[in-house]
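Under full-length UniProt numbering, the residues of the sequence shown are numbered 1 to 282, in order.
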Amino acid sequence: MSTAGFGDRLWDLMRQRGPLCVGIDPHPALLDQWGLERSAQGMREFSMRVVDALGDHVAAFKPQSALFEQYGSAGVAVLEEVIARCGDTDAVCIVDAKRGDIGSTMDAYAAAYLGEGSPLAGDALTVSPYLGVGALAPAYEQAQQSGHGVFTLALTSNPDGHGIQHATVDNAHSVAGLIISEVNTLNTKCDFQHIGPFGLVIGATIQSALTDLHINIEDFTGPILSPGVGAQGAGSEQVRDVFGRAVDRVLASSSRQILRCGPEKDRLVGAVKEICDSLRFQ
Ligand SMILES: O=C(O)c1cc(=O)[nH]c(=O)n1[C@@H]1O[C@H](COP(=O)(O)O)[C@@H](O)[C@H]1O
């Protein structure tokens, strides 16, 4: 087990294995395609096969909590097992639960998803800043204590996000720009070698939004999780165009495009290698 902080651990993995996160999203249609039952047990089999096939090949896994929650407590129990199985690999596990609440409730989310030894805690958590970045302080504090990471939504991959995220505040900054700057300040209070533990979620589908909103993403000092690669239409070209010189901090994320290549291990590994090769920009 590495003693490096979350950001530096992820940085090293991205360099060794390629900057790709595989989303574990066991959609019912994928269970059908893999010949598995639409049940918690089917989802368990699906997710374990993904982790076992790709655990030595990818920098990160991102189990999507809602897909498990839809099966109730049996699904959540499977999510716990999947997080534990990811922990048996060297890849980092980003639990995609997009949590966010007032500070006193956020304490409980932080304990559940980032607390040392909690069954729902991976290496990092996605959080939603709609209640204010300040309200998420318990998550950032808990992550720092336990050496974990947090990815805060900034410019999401879905077009519906524009209305709020691109909105202008005080006639100057955009909402997204303020979130990015607040998260960056958190990293300045941390010790790290390459990148800090506090990251952003910025979709690969956002086209010129960073430029349009006058956001200089090159100044950002954490990892950038970038979903939207594959099923949502973005490819490596979009990743390079969106992030420019900040691309070395980008962890591209793809779920359905890769998962559709299963269940055979060789095809899953082949899909990962192909995307990773396309993401090597130097
Ligand atoms: O936080 C996320 O991971 C996320 C943020 C975002 O802006 N857009 C987005 O698609 N995601 C997640 O990334 C995954 C995308 O899945 P695919 O479209 O199948 O690659 C889903 O689990 C989404 O919930």
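Glycine included, C-beta positions come from ideal geometry on N, C-alpha and C.
Just to confirm before moving on: does the CB-CB distance between residue i and residue j stay below 9 Å?
| i | j | result |
| --- | --- | --- |
| Ile94 | Tyr130 | no |
| Ala176 | Ile215 | yes |
| Phe243 | Ile217 | yes |
| Ala40 | Ala74 | yes |
| Ala53 | Gly262 | yes |
| Val127 | Leu153 | yes |
| Thr205 | Gly233 | yes |
| Asp96 | Tyr109 | no |
| Val133 | Ala143 | no |
| Ala121 | Ala135 | no |
| Ala137 | Met106 | yes |
| Arg44 | Val78 | yes |
| Ala124 | His162 | no |
| Asp88 | Gly55 | yes |
| Glu69 | Pro119 | no |
| Arg38 | Pro28 | yes |
| Pro19 | Cys276 | yes |
What are the start and end residues of the alpha helix (DSSP H) that includes residue i?
| i | result |
| --- | --- |
| Ala60 | Ala60 -> not in any alpha helix (DSSP H); beta strand (DSSP E) instead, spanning Ala60 to Pro63. |
| Lys273 | Lys265 to Ser278 |
| Leu13 | Phe6 to Arg17 |
| Ile164 | His162 to Gln165 |
| Glu237 | Ser236 to Phe243 |
| Pro159 | Run containing Pro159: none; DSSP gives neither H nor E here. |
| Asp219 | Segment: none, Asp219 is in no alpha helix (DSSP H) and carries neither H nor E. |
| Ala30 | The question names Ala, but residue 30 in the sequence shown is Leu. Taken as a continuous stretch (DSSP letters only), the alpha helix (DSSP H) holding Leu30 covers Pro28 to Gln33. |
| Leu210 | Ala209 to Asp212 |
Below 7 Å CB to CB, which residues in the same chain sit around residue i once its five sequence neighbours on both sides are set aside?
| i | result |
| --- | --- |
| His57 | Arg17, Val269 and Val272 |
| Leu186 | Tyr140 and Phe198 |
| Met1 | Note on Met1: pLDDT 42, under 50, position unreliable in the model; the coordinate value appears next. Contacts found: none. |
| Ile180 | Ala154, Leu200, Ile215 and Phe220 |
| Ile24 | Ser47, Val50, Phe61, Lys62, Pro63, Gln64 and Val82 |
| Gly103 | Ala135, Ala137 and Pro138 |
| Thr168 | Ser174 |
| Leu210 | Ile217 and Val242 |
| Leu178 | Val169 |
Would you kindly report the start and end of the unbroken beta strand (DSSP E) that includes residue i?
| i | result |
| --- | --- |
| Ser47 | Premise fails: Ser47 lies in the alpha helix (DSSP H), Ala40 to Leu54, not in any beta strand (DSSP E). |
| Val150 | Gly149 to Leu155 |
| Phe198 | Phe198 to Ile202 |
| Leu251 | Val250 to Ser254 |
| Ser226 | Ile224 to Pro227 |
| Val183 | Unbroken run through Val183 is the alpha helix (DSSP H), Val175 to Thr188; no beta strand (DSSP E). |
| Val22 | Leu20 to Ile24 |
Return the chain-ordered list of same chain residues with a C-beta closer than 6 Å to the C-beta of residue i, the five sequence neighbours on each side being excluded.
| i | result |
| --- | --- |
| Gln257 | Gly230 and Ala231 |
| Leu259 | Leu30 |
| Cys21 | Ala60, Lys62, Leu251 and Ser253 |
| Gly196 | Gly7, Asn187, Cys190, Thr221 and Gly222 |
| Ser157 | Gly203, Thr205, Pro227, Gly228 and Gln232 |
| Trp11 | His194 and Ile195 |
| Lys265 | Ala53 |
| Val92 | Leu10, Ala60 and Asp123 |
Excluding the 5 residues flanking residue i on each side, which residues of the same chain have their C-beta closer than 8 Å to its C-beta?
| i | result |
| --- | --- |
| Val239 | Ala204, Ser226, Val229, Val247, Val250, Ala252 and Leu279 |
| Gly115 | Ala121, Gln142 and Ser146 |
| Glu35 | Looking at the sequence provided, one finds Gly at residue 35 rather than Glu. Excluding sequence neighbours, Gly35 sits near Pro263. |
| Asp90 | Leu13, Gly55 and Asp56 |
Please list the segments of the alpha helix (DSSP H) lying wholly inside the segment 80-143, counting only runs of 4 or more residues, in order along the chain. Those alpha helix (DSSP H) runs which fall completely within the segment 80-143 and span 4+ residues are 103-114.
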